[in-house]
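Enquirer: Can you keep this structure in mind? I'll have questions shortly.
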Amino acid sequence: MKIAVCVKQVPDSETRINLTGPVPELDTSSFTMIINPYDQFAVEEAVKIKEALGAGEITAVTVAPQANVREMLKKDCLAVGCDKAVIVDDAALQGADALGVAKALAAVLKRDQFDLVLFGIKAIDDDSSQVGVMVAELLGMPHVGYIGNLEMGDGKLTARREIEGGVEVVDSSLPCVLTCGKGLNEPRLPSLPNIMKAGMKPVEVIDCAGLGLDASASHTTVKMYSPPPARGECTMIAADDPAAAARELAQKLRDDAKVI
Amino acid sequence: MSNIAVFIEQRAGQIKTVAWQMLTAARQLADQQGGEVWAVHLHASGCSVNEDAARYGADQVFTAEAPAFAAYDSELWTQALAGFIKEQSPDVVLMGSTAMGKDLAPRLAARLDCACVSDAVGLSWDGGLVIKRPVFSGKCFAEVTSTAPCTIVGIRPNAFAAEEKGAAGEAVTFAPALDEGTAKAKVTAEETAAAGQVSLTEAEIVVSGGRGIKGPENYAMIQALADSLGAAAGASRAIVDAGWVEYSHQVGQTGKTVAPNLYVACGISGAIQHLAGMSSSKCIVAINKDENAPIFKVADYGIAADLFEVVPVLTEAVKELRG
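Protein sequences appear in the order of chains A and B. If you use the numbering used here, the first sequence corresponds to residues 16 to 275, in order. If you use the numbering used here, the second sequence corresponds to residues 2 to 324, in order.
Next comes the structure, spelled out in C-alpha cells:
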C-alpha cells in the first residue's frame, strides 16, 4: 500500500497575531512554526495502517520553501514513520490559494500514484478546509472528510465522519482521500534516535517546471488583514452573594442583552 | 450585473437555517449590482422550499427532485450542482460552511476551476466581490478578492441575519444529469445524536465548561445549563485532552469555531487558542473564580465567583424566566 500524507507548517495555536504595515499584513516575525496539529493525526494514521499491514511506503508531501520545512518533515514525519518526503518549492507558489496548492500537490500525487492520500481536516492558519477535497477531485478520487474512525478492508475502507448533530458511516473504494480529525488516534512523539535516523531518509525537492505545473492556478488573493472588532467593556456583576449574582445575570441576559 | 445562486441545503428533508441567512445576504448583494438571486435546492420528494425561498429574497427557485438526493452523496450532488452552474453561469454561488458545504464547495471549485472561499462572515463589492473571513480561528480577519468568473463562497452559519422580504419568486424545476455509476464512496448509515441535542456550530447559544468544573462528573452541570437555554454544550481543550468530554464538544483553534448569539464560559480561563474559537460570539458571559482570567477581557458580563455556586442557580433562574 502506497500512502501519501500531505502536511503544512503553521504558526503554533498559542501564537498571537499582530498586523503591520499601511495595508495591514501579518507580522510573521514572532511566529513559532509547527506541523499543523490535524496533519499529525494524518501522519499517525498512515503509520498505523502501514504497521498493521506490515508493508507499504509512506510519503510526506508539502508545498513550501524547503529551508522552512526540512526540520518539520524530519521530526514530525520521517522520524515517526514516514519513509520519504517531497517538497514542492517554487517562489511562484507563495501566496497561492487552496486550489493553487491543491494543483501542486495533485501533480506530485498523480506522478507517484498512491492508494491512500491523507490530510488533516484543516490547517489552523487559514482555516479553509479545502485542499484535501480539491486534491480528491483533481485526482478523480472519492474522499471522506472529517473522519474520526477508520477501518481498512481489502481495496476498500469504512470511515465514520462527524456531521452536525451526528455521525455518518461511509464506505469507499481505494484509492481514496481522507481528511483526519482529532480523536482518530494519539500521535506518537519522535524519539531522539529516530530523529537522527530520519536525517538519512530521502527528501526530494521539486519546482513547478519539474512537475509541468502552471503556477498561476490561484483565483483568489488576500487583499488585506484586519484585527477582530474590539469588544466592549465587561460588566462585572458583584459576586458577594453568588446566587444573587446568578439571578441578576439571568435577568440582564433577558432584559438588557436580549439573548435569552 | 451579478447573479447570485444560493444552495438551499437539506438533510433528511430538514432545511439548514443558514439557507435563509444566505438568501438575505445574496439579496442585498444582488440589489447593489442589479442582479438576480437564484435559490437552488436538491431533494428526494415533497419539496416545500419555493415559498420560503421567495420570502427570503429569491427571484427564482430552482429545484431538482431525484431519489439520489434522499441522502448526501458527494459525487452525485456535485454533478447536479456543477451542471446547474454551467447551465446558468451565476457569478457567485453561496453555500453554508456546514459539513455538507465544506464537502461540496471545494469539489465544485476544483471541477469547474472556480474560486472558492470558505467561512465568509462579510460580503461586499469593491471593484469585485470582497469576502471577509476569519483566519487563525478568528484571531484576525482576511479580506479576499477573486479574479475568477465564478466564485463559490461558503457562508458561516449565523454570520448573517435572515430577513423576510415577502416577494414572490418564480418556481423552476430542473433535471440534472446524474451518472450513478461513478460514485465511489457511499454513506451507509447516519447516526443522529440524541433528540434535543443541538449542534455546536449551528447553535444560537453555547454553554462551555473548562477545568474549573474539576472533574468529568460535573460536566452534567454544564449540560443542565445548556439544556435550560436550548443551547449546545461546549468544552475547553484542557478538559477534552483530559478525557472528561468527547472531542466533538471542543471549542477553540483545534476544535470548533463558534459565533453564537450567547456564549457562556464556565470555569474557562481563556487560553488564546480557546478565545480564537469563540470571541466572535455576539454576547459573552464568563463565570470564573479568578477575576484576572483573560476570559473577562472578551466578556460582556462577568461573575468572578465559584461556578459551583453560580451555575445551578443560573440554570434555575433561566428556567423560571423562560417559563
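From the three backbone atoms N, C-alpha and C, an ideal C-beta is built for every residue, glycine too. These numbers come from a predicted model, not from an experiment.
#1: Closer than 8 Å, Cβ to Cβ, to anything on chain A: give me those residues from the region 263-287 of chain B, in chain order.
#2: State yes or no: is the beta carbon of Y220 of chain B nearer than 9 Å to at least one beta carbon in chain A?
#3: With which residues is Y264 of chain B paired in a DSSP beta bridge?
#4: Use the C-beta contact count for L204 of chain A: other C-beta atoms within 10 angstroms, 16 or more gives buried, fewer gives exposed.
#5: So, are the CB atoms of V25 of chain A and A111 of chain A less than 9 Å apart?
#6: When you check each C-beta in the region 302-313 of chain B against every C-beta of chain A, which residues fall closer than 7 Å?
#7: Skipping 5 residues on each side, what residues in its chain have a beta carbon closer than 6 Å to that of S125 of chain B?
#8: Pop quiz: F142 of chain B and D140 of chain A are said to be a contact at Cβ under 8 Å. What is the actual Cβ separation, rounded to whole angstroms?
#9: Determine the extent of the alpha helix (DSSP H) in which Q266 of chain A is found, giving its start and end residues.
#10: Please report the distance separating the alpha-carbon of V240 of chain A from that of I32 of chain A.
#11: Apart from the five residues on each side of it in sequence, which residues of its chain come closer than 8 Å, Cβ to Cβ, to G216 of chain B?
#12: Just confirm the distance between the C-beta atoms of V207 of chain B and A233 of chain B, as a whole number of angstroms; I'd bet it's less than 8 Å.
#13: Flag V123 of chain A as yes if its beta-carbon sits less than 9 Å from any beta-carbon of chain B, otherwise no.
#14: May I have the straight-line CA-CA distance separating A176 of chain B from D32 of chain B, to the nearest angstrom?
#15: Over the uninterrupted beta strand (DSSP E) stretch that includes V173 of chain B, give me the two end residues.
#16: Could you work out which residue in A:L154, A:T250, A:V76 is closest to V286 of chain B when comparing CA atoms only?
#17: Buried or exposed: where does S231 of chain A fall if 16 or more other Cβ atoms within 10 Å of its Cβ makes it buried?
#18: Mind checking whether D142 of chain A and D222 of chain A have CB atoms under 9 Å apart?
#19: Can you pull out the residues from the region 231-246 of chain A whose beta carbon lies closer than 7 Å to at least one beta carbon of chain B?
#20: Return the residues of the region 183-198 of chain A that lie within a Cβ-Cβ distance of less than 8 Å from chain B, sorted by chain order.
#21: Is A204 of chain B buried or exposed, if buried means 16 or more other CB atoms sit within 10 Å of its CB?
#22: On the DSSP letters alone, give me the boundaries of the alpha helix (DSSP H) that Y1 of chain B sits inside.
#23: According to DSSP, is D141 of chain A helix, strand or coil?
#24: Helix, strand or coil for L93 of chain A? Go by DSSP, reduced to three states.
#25: Give me the subset of the region 125-142 of chain A whose CB atoms are less than 7 Å from a CB atom of chain B, sorted by chain position.
#26: Check the Cβ of S3 of chain B against every Cβ in chain A and list those closer than 9 Å, keeping chain order.
#27: Is V38 of chain A buried or exposed, if buried means 16 or more other CB atoms sit within 10 Å of its CB?
#28: Specify, as a first and last residue, the run of the beta strand (DSSP E) that C191 of chain A falls within.
#29: At 9 Å on the CB atoms, spell out the chain B contacts of R203 of chain A, in chain order.
#30: Between which residues of its own chain and A162 of chain B is the CB-CB distance below 7 Å, once the five residues before and five after are set aside?
#31: Based on the DSSP output, what are the partners of T18 of chain B in its beta bridges?
#32: DSSP beta-bridge partners for D127 of chain B?
#33: From the DSSP secondary-structure annotation, give me the bridge partner or partners of A243 of chain B.
#34: How many angstroms separate the CA atom of L105 of chain B from the CA atom of L43 of chain B?
Expert: According to the data block:
#1: L263, A272, I273, Q274, A277, S280, S281, K283, C284, I285, V286, A287
#2: Here residue 220 of chain B corresponds to residue number 219 of the second sequence, with the count starting at 1. No, no contact with chain A.
#3: Residue 264 of chain B sits at position 263 when you count from the first residue of the second sequence. According to DSSP, Y264 of chain B bridges with B:V207, B:I285.
#4: Counting from one through the first sequence, the residue named residue 204 of chain A turns up at place 189. Residue burial is scored here from C-beta neighbours: L204 of chain A has fewer than 16 other C-beta atoms within 10 angstroms and is therefore classed as exposed.
#5: Locating residue 25 of chain A in the first sequence gives position 10, where the first residue counts as 1. Locating residue 111 of chain A in the first sequence gives position 96, where the first residue counts as 1. Result no, Cβ atoms of V25 of chain A and A111 of chain A do not sit closer than 9 Å.
#6: Y302, G303, I304, A305, A306, D307, E310, V311
#7: In the second sequence, the residue the question calls residue 125 of chain B occupies position 124. Cβ neighbours of S125 of chain B beyond the five flanking positions: V131.
#8: Along the second sequence, read from residue 1 onward, the residue named residue 142 of chain B stands at position 141. Along the first sequence, read from residue 1 onward, the residue named residue 140 of chain A stands at position 125. The beta-carbon distance between F142 of chain B and D140 of chain A, rounded to whole angstroms, is 13 Å. This is too long to meet the 8 Å contact definition.
#9: One-based indexing of the first sequence puts residue 266 of chain A at position 251. First-last of the alpha helix (DSSP H) with Q266 of chain A: 257-270.
#10: Locating residue 240 of chain A in the first sequence gives position 225, counting from the first residue. Locating residue 32 of chain A in the first sequence gives position 17, counting from the first residue. The amino acid at residue 240 of chain A is misidentified as Val; the sequence shows Tyr. Those two C-alpha atoms are separated by around 10 Å.
#11: Locating residue 216 of chain B in the second sequence gives position 215, where the first residue counts as 1. Result list for G216 of chain B: W245, in chain order.
#12: Within the second sequence, residue 207 of chain B is the residue found at index 206, counting from 1. Within the second sequence, residue 233 of chain B is the residue found at index 232, counting from 1. Contact holds; Cβ gap of about 5 Å.
#13: Within the first sequence, residue 123 of chain A is the residue found at index 108, counting from 1. No, V123 of chain A lies away from the interface with chain B (no Cβ there is under 9 Å from its Cβ).
#14: For this step, residue 176 of chain B is matched to residue 175 along the second sequence. For this step, residue 32 of chain B is matched to residue 31 along the second sequence. The straight-line gap from Cα to Cα measures roughly 29 Å.
#15: The residue labelled residue 173 of chain B in the question sits at position 172 within the second sequence. Taken as a continuous stretch (DSSP letters only), the beta strand (DSSP E) holding V173 of chain B covers 171-174.
#16: Taking the second sequence and counting its residues from 1, the one referred to as residue 286 of chain B is at position 285. With distances taken between Cα atoms, V286 of chain B lies closest to A:T250.
#17: For the purposes of this step, residue 231 of chain A is taken as residue 216 along the first sequence, with counting starting at 1. It counts as exposed.
#18: What you label residue 142 of chain A is simply residue 127 of the first sequence in a count that begins at 1. What you label residue 222 of chain A is simply residue 207 of the first sequence in a count that begins at 1. Taking 9 Å as the Cβ cut-off, D142 of chain A and D222 of chain A do not qualify as a contacting pair.
#19: Within the region 231-246 of chain A, the qualifying residues are H234, T235, T236, V237, K238, M239, Y240, S241, P242, P243, R246.
#20: E183, V184, V185, D186, S187, S188, C191, G196, K197, G198
#21: What you label residue 204 of chain B is simply residue 203 of the second sequence in a count that begins at 1. With 16 or more other Cβ atoms within 10 Å, it is buried.
#22: This structure gives no information on residue 1 of chain B, because the portion of chain B shown stretches from 2 to 324.
#23: As a working note, residue 141 of chain A is residue 126 in the first sequence. DSSP, read as helix, strand or coil, puts D141 of chain A in coil.
#24: If you number the first sequence from 1, residue 93 of chain A lands on position 78. In this structure, L93 of chain A counts as helix in the three-state DSSP scheme.
#25: Those would be I139, D140, D141, D142, in chain order.
#26: Here residue 3 of chain B is taken as the residue at index 2 of the second sequence, counted from 1. The contacting residues do not exist; S3 of chain B stays about 16 Å from chain A at best.
#27: Here residue 38 of chain A refers to the residue found at position 23 when the first sequence is read from its first residue. Exposed, since its Cβ has fewer than 16 Cβ neighbours within 10 Å.
#28: In the first sequence, counting from the first residue as 1, residue 191 of chain A sits at position 176. 191-195 is the extent of the beta strand (DSSP E) around C191 of chain A.
#29: Reading the first sequence from its first residue, position 188 is the one you call residue 203 of chain A. Among the residues of chain B, none has a CB under 9 Å from the CB of R203 of chain A; the nearest is roughly 16 Å distant.
#30: On the second sequence, position 161 is the one that residue 162 of chain B refers to. Within the same chain, A162 of chain B has close Cβ partners Q22, T25.
#31: By 1-based counting over the second sequence, the position of residue 18 of chain B is 17. None; T18 of chain B has no bridge partner.
#32: Here residue 127 of chain B corresponds to residue number 126 of the second sequence, with the count starting at 1. Per DSSP, B:G129.
#33: Counted from its first residue, the second sequence places residue 243 of chain B at position 242. In the DSSP output, where bridge partners are listed per residue, A243 of chain B has none listed.
#34: Translated into the one-based positions of the second sequence, residue 105 of chain B becomes position 104. Translated into the one-based positions of the second sequence, residue 43 of chain B becomes position 42. So the alpha carbons of these two residues sit roughly 13 Å apart.
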